[in-house]
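Residue numbers (UniProt numbering), protein chains in the order written: chain U, 1 to 271; chain E, 1 to 382; chain W, 1 to 293; chain R, 1 to 425.
Heads up, the beta-carbon is just placed ideally off N, CA and C, and yes, glycines get one too.
Structure, as structure tokens:
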Amino acid sequence: MSEPATDGTEAATGAEQDFLKVSDLHAGYGQARVLQGLDFSVARGEVCAILGPNGAGKTTTLRVLSGMVRGRGSVTLNGTELLGRSPEQAARLGVAHVPEGRGTFNDLTVEENLRIGAHLRTGPRRRGRAERAAVVADLERIYDYFPKLRRRSRQAAGSLSGGEQQMLAVGRALMLRPSLLLLDEPSLGLAPLVTRELFEIVRAVNEEERTTVVVVEQNAQLALDIAHRAHVLEAGRLVLSGPAARIREDGQVAEVYLGVSVLSRKAGGAP
Amino acid sequence: MSTTTASLGTDRVRWLRPTLTVLVAAAVAVGAPFYFAPFQVFQLTMVLLYAVALSGLNLLTGFGGQISLGHGAFFAAGAYTAAVMLDRYDTGHLATLPAAAAGCFLLGLGFGVPALRLRGLYLALVTLSFAVFLPPLLKRLEPVTGGSMGLTVDKLQPPAWSGLAEDQWMYFVVLAVTAVALLLARNLLRSRAGRALLAVRDNESAAEVMGVRLSLHKTLAFAWSAMFAGVAGCLYTWVIGFVSPDSFSFVLSITLLAGLVVGGLGSLYGPLLGAAFVMYVPSVSQDVSEAAPGVVFGLLIITVMFVAPTGLAGLPGRVLGAVARRPPRTTAARDRTPEAESAPGAEPEYQALSGPSETHAPADPAVVDAEPVGAPPRTEKE
Amino acid sequence: MTDLLQQVVEGLGSGAVYASLALALVLIHRFTGIVNFAQGELAMLSTYVAWQLVASGMPYWLALPATLAVSFVGGMLLERIVIRPVQGAPELTVVIVTVGLFIFVNALAGLIWSFTVKDFPQPFPDGGLDLSGVRMDWSTLGIIGVVAVVMGLLYLLFQHTSIGLVMRAVACNPASARLSGIRVGRVLMFGWGLAATVGAVSGVLVAPVLFLEPNMMGGVLIYAFAAATLGGFDSPVGAVVGGLFVGVAETLTGAYVDVIGADLKVGVPLVIILAVLLVRPQGLFGRAAVERA
Amino acid sequence: MRKTTALRAAAAATAALLTATACGSQRGQDAQDTAAGGACKGQQTTGITDKTIKLGGIYPLSGPASAYGTISKGVAAYFSHVNDKGGIDGRKVEFVVRDDGYQPPKAVEEARRLVEQEKVFAVFQTLGTPSTAAVWDYLNKQKVPQPFVATGASAWGTGDQHPWTIGWQPNYVAEARVYAKYLKDARPKAEVAVLYQNDDFGKDLLGGFKKAVAGSGVKVVAEESYEVTDPSVSAQMASLARSKADVLLDVTTPKFGSQALAADAKNTKWNPLHIVNNVASSAAVLEPVGFKNVQGVVSATYFKDPADPQWAADPEMKAYKDALHEYAPDADPDNQFNAYGWAVASSLHQALDAMKCPTREGLRDAVRSLKDVKVGMLLPGVTMSTGHGDAFPLETMRLMRFKGERWQLFGKPVDTRKEFGPTAK
């Protein structure tokens, strides 16, 4: 639909430009090295897509950012080092991660899921009436973004459809009022129409709340539609970086680096 | 042996080394009863016997992913089959082994059918209540089983031509049965059925899609596993010469499972280590503290699990791995990418048992309790 | 008829005992996904703490809260020291650690307090209620009442407090809980503390009936498992209903079905569990895993 | 991958063997049993010298029956006490205790260890019927005395296949006969309800009782069993109450004894004469129930209950309490099992003194030819006697009734041999 606004990022100052800065990042599982010296930055308020073939290290990158996987090197968010922190600490620093496979709390109702998202703001020790009111307001805000969730607010999350669960997962992450939102394969297993709807909401959130978003997608076309900037990974290394528009338009680049495996899976279609 | 270890790498050595180690192991195993005192030979015999039961349990739990807390019952069934045959029908020892094996196989088959519908914990508890139920049942069947007084039967006696003492003869017989049983377990796993079993454990629905006949293989796994336990029970009767219902309380079942986990689930030789653990550690415990051996034994179980969460069999690998690899370390569950998923038939040693709570994120204490970070961050709005 | 009712009452009495421990089992399972074999022994240990306090002259009603507090802290420490190091290891490893703990605690209690039966004070009055020939002891009524109250409190805690919500979230999906900023480790500690406290209530309730000695809870554990399985391993209500049902069923069959008799009545829970699970694998009150791909 | 598996298998086997080596000697060193000279020529002197005698005992120090493990403390305290006074006939006793966790295979292992590695003179006490039955074939084949096993099953004295094994305490059949005689005399028309433990102990006692009352007016009208693994016997007690029997024979072990006594006390509508068997008759069992609730309960005994104040001034009891205080300070002197250990150890002392030859054969013969041997810890009037065709040292018991805060003996010692003839299987 509309073109992503790239003008904001162009004008950003140095600190704003390096809101999230990843330098020389190494990570892996056991003896398998997945990330081998990754460098990139994401500017504040930007939507950044991370693309690449299966096994390139996209998911691992997000996991390192949210503390689920340990890494070596450096990752700073607004100047604060993220490496060496646990997921709960990363969350406290404003990192909200919607993991692959959604990660909703299936036994909890939709509304309880969202309240858990606001855990850090209410917590076991309640932080006063004002904060609670703010949470209620945020609930309304999420329901405004995702009207389907409002209708199912008393229903168990496990009984929702895949698309609704994904929306719930994003909604829960937003309840944290994150400064950095990490989305891992949001389109996985969703119908094309639902995926598009979801991405539109992400774009709206980004525009209205100035939340910085890093999205990992196999469906490059979709991701590039909402992203300002894109990074292409291959075998744990950055092979291509640039404004999303340019990457999308540069057919040759896409063919060389993204390959058939990426672009052919457009909109969930078969190769 | 040291020379072979020194020069690794060539194909010839790759084959030479296992052959040599097997030969050395065989020589040690055969030589042992001539070296050790009779009661130590008896201890080794018991280790072998428990190893048979444990490798059966391993088929089910380690490879099949089904937890049984009732294997003591199959063990008892095998032991009683042998004892009753010897006591009532005077069949001779040899005849009892196939009978016990076949009987327990059928019993396991019967159990395998309802077990199909039960997962993880529930299966464990149903089998546990079976194990609890068996001793009173044996007491009730007094005319056959001898009731609570149990049955005393003849132990295995060495034939005159062997020139061996009783303990040595028993050791060799049990060694032979154990060797066959372990080989059988190994081959079962490499067969089509075994690979199907592994596929089922790792991903049930995927295996089903692949056309694996899930129910058949799971039921068979139960049957094979019960058969191994029954064979071990039969050997037990041969060696101890006495069975009584209270010898086979549910504690035995729990001990078997504990032995397996301590030895190493899903490892081919974990059962041997586990059997040695349940055999020797209680004695060691009472050497440490005569007042309360249980305190020491309990602590030792916990300690082993701390040091080697995947069992003693996994310990060398863990130690080597820890030396070889430095961080990056993962604190998350295994990668879900298809490449990371183990192919059926792959070496299953480091596979975690798939259970209902597979999704639990391992909480690293060091990470979890790092210093708390202040107030929750807010997104600036402009 | 009076005889039958009397047996039902006896069954309820045993059932209440099973239910009380089943509650603690269910708690732990719900929050950590593991079966804690040591739960009964921990309850027994708590009871000894209470006994020791009373024996050293502390009034019962003071010793009781002190014991609950000690148990809560003890449960939390246990999670931190014994369970945390194997968190993330295969599930069975954790289960076997609790088996080790069972053996350890049992032997420890024997070492400290010996195996001689101890007299534990009864909080409920002697005697009982006589309902046209059927006698119900105050202690039976008391146990059922306290178990019901504990169950109600747990329900309120889970469904209507924020810590309860957080606990359920952790139970459901610990990875996502951490990503939401929940300190999963602390929540698990709290869960173990809570289970130990419920276990302590169970121990203190049943000790006057079963008589306190280190093996007091060993026999109860099997029936508590049966109760929890029957009720559904994640439902406190199920644990209580399951416990009472198992108690009544085994008592009645033991008393009236001659083929089974008192010796084989332990087979009754086996049959019940098997039957229930084949028809309804999640137990009577358990929630079926609701999931859509 | 295959090669590592094989390698590790070998390593595992080696490790297991090394473990074994670490705690043991080599084969071949065993076959040097010593033999005595003189009149005792050719007899075995393993484990005994002029200065020492080595005994081994197997008890459940861990596991479900650990309550009985404390017997070993009473035994050990006695031997330490005797050693301090110069030993038995100048020989210091070395007493090796092993734990079998009440598991027969473990008992076999430990018996073999005691005989082959520790080279004990005799296996003095194996505890429990299963463990004893599991090892007695082995010990008899090895010709190792197994005196005074800690179980009252009637099997130990009825066959002639096992001359090296002998019981000590009144066997359960003999005990049942004491109660049967009492009922036949005191309540010839009694209807009896029986609560019994579903194992050899309960079955033996119940069977003996039924046989002893056969043909008399005393009838067993209800019986209920329980398993040791049961949490409680309350359901069984409710069933028994339905029988409205006027006697309750309570064949239980301590914890269940307390439960049954409490259940009986609570049920105000059923007030049978409560006969509690000796195992559960300790004051330690009755006290938790409340003394006011156990008035009039009847039992039978043969050794002095340390918790009973009437023996407070008894010299043997004093010696026992002092010795326990000195050598086993963590053991509770009021626990009857400690006193049992003391009594059985001093009985063995007498038997050792009576040996004609200081050999295993000497001990075997000595325990089978006891003539009215008095032992300090046994009740007055209760003595040990064995002889040809009689392998039960103790078959006399005395009845007692609980009154106030103590047991009161009543009636004369009941010698069941005289009343009923030899115990038959």
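Closer than 8 Å at the beta carbon, the chain R residues around residue i
i, result
"residue 413 of chain E", "Absent from the structure is residue 413 of chain E, since the part of chain E shown begins at 1 and ends at 382."
"W:Gly11", "Ala235"
Proximity below 9 Å, CB of residue i to CB of residue j
i, j, result
"E:Leu265", "W:Pro90", "yes"
"R:Ala280", "R:Ser234", "no"
"E:Ala52", "E:Pro271", "Here the sequence assigns Val to residue 52 of chain E, which means Ala is not the residue at that position. Cβ atoms of E:Val52 and E:Pro271: closer than 9 Å."
"R:Val220", "R:Ala193", "yes"
"R:Asn198", "R:Ser225", "yes"
"W:Gly191", "W:Thr67", "no"
"U:Phe146", "W:Ser176", "no"
"R:Lys181", "R:Phe392", "no"
"R:Pro288", "W:Ser14", "no"
"W:Val82", "W:Leu62", "no"
"E:Leu69", "E:Ala29", "no"
"E:Gly56", "E:Ala229", "yes"
"E:Leu118", "W:Pro281", "yes"
"R:Leu55", "R:Val108", "no"
"residue 397 of chain E", "E:Thr45", "The requested residue 397 of chain E is not part of the displayed model; chain E covers only 1 to 382."
For residue i, the residue or residues it bridges with in DSSP
i, result
"R:Lys374", "The partner list for R:Lys374 (beta bridge, DSSP) is empty, contrary to what the question assumes."
"W:Leu212", "W:Lys118"
"E:Phe242", "E:Thr152"
"U:Arg150", "DSSP, once it has assigned bridges, lists no residue as partnering U:Arg150."
"U:His231", "U:Ile50, U:Ser241"
"U:Val95", "U:Leu180"
Listed by chain order, chain W residues near residue i by CB distance under 8 Å
i, result
"U:Ile116", "Leu165, Val166, Ala169, Ala177, Ser180, Ile182"
"E:Ile302", "Val82, Val97, Gly100, Leu101, Phe104"
Residue i versus the options, residue with shortest Cα-Cα distance
i, options, result
"E:Trp238", "E:Val153, E:Ala229, E:Trp15", "E:Val153"
"W:Pro269", "W:Gly242, W:Thr67, W:Pro236, W:Val146", "W:Gly242"
"U:Arg28", "U:Glu249, U:Arg237, U:Pro243, U:Val98", "In the sequence as displayed, the identity of residue 28 of chain U is Gly instead of Arg. Closest option to U:Gly28, Cα to Cα, is U:Arg237."
"E:Leu134", "E:Leu121, E:Val41, E:Ser253, E:Leu183", "E:Ser253"
"U:Asp225", "U:Phe40, U:Met175, U:Ile247, U:Asn113", "U:Ile247"
"R:Met400", "R:Phe291, R:Pro413, R:Gln350, R:His388", "R:Pro413"
"E:Ala291", "R:Lys304, R:Pro329, R:Ala307, R:Ile275", "R:Pro329"
"U:Ile116", "W:Leu277, W:Ala169, W:Thr253", "W:Ala169"
"R:Asp99", "R:Val120, R:Met397, R:Tyr68", "R:Tyr68"
Run of the beta strand (DSSP E) containing residue i, from where it starts to where it stops
i, result
"R:Gly56", "52-59"
"R:Met400", "396-403"
"R:Pro413", "406-415"
"U:Ile26", "Sequence check: residue 26 of chain U is His here, not Ile. Run containing U:His26: 20-29, per the beta strand (DSSP E) assignment."
"W:Met136", "134-137"
"R:Val120", "Note, R:Val120: premise wrong, no beta strand (DSSP E); not H, not E."
"R:Glu191", "191-197"
Boundaries of the alpha helix (DSSP H) in which residue i is found, first to last residue
i, result
"R:Met384", "Looking at the DSSP string, R:Met384 is not in any alpha helix (DSSP H), and its letter there is neither H nor E."
Contacts that residue i makes with chain E (C-beta to C-beta distance below 8 Å)
i, result
"W:Ile222", "Leu128, Ser129, Val132, Phe250"
"W:Phe225", "Leu125, Leu128, Ser129"
Neighbour list for residue i in chain E, Cβ cutoff strictly below 7 Å
i, result
"R:Asn198", "Pro136, Lys139, Ser148"
Interface partners of residue i on chain W, CB under 7 Å
i, result
"E:Leu306", "In the sequence under discussion, the amino acid at residue 306 of chain E is Phe, which differs from the Leu named in the question. Those are Pro85, Val86, listed as they occur along chain W."
"E:Leu121", "Val35, Phe233"
"U:Ala91", "Leu179, Ser180, Gly181"
Proximal chain R residues relative to residue i, where beta-carbon distance stays under 7 Å
i, result
"W:Ala107", "Ser62"
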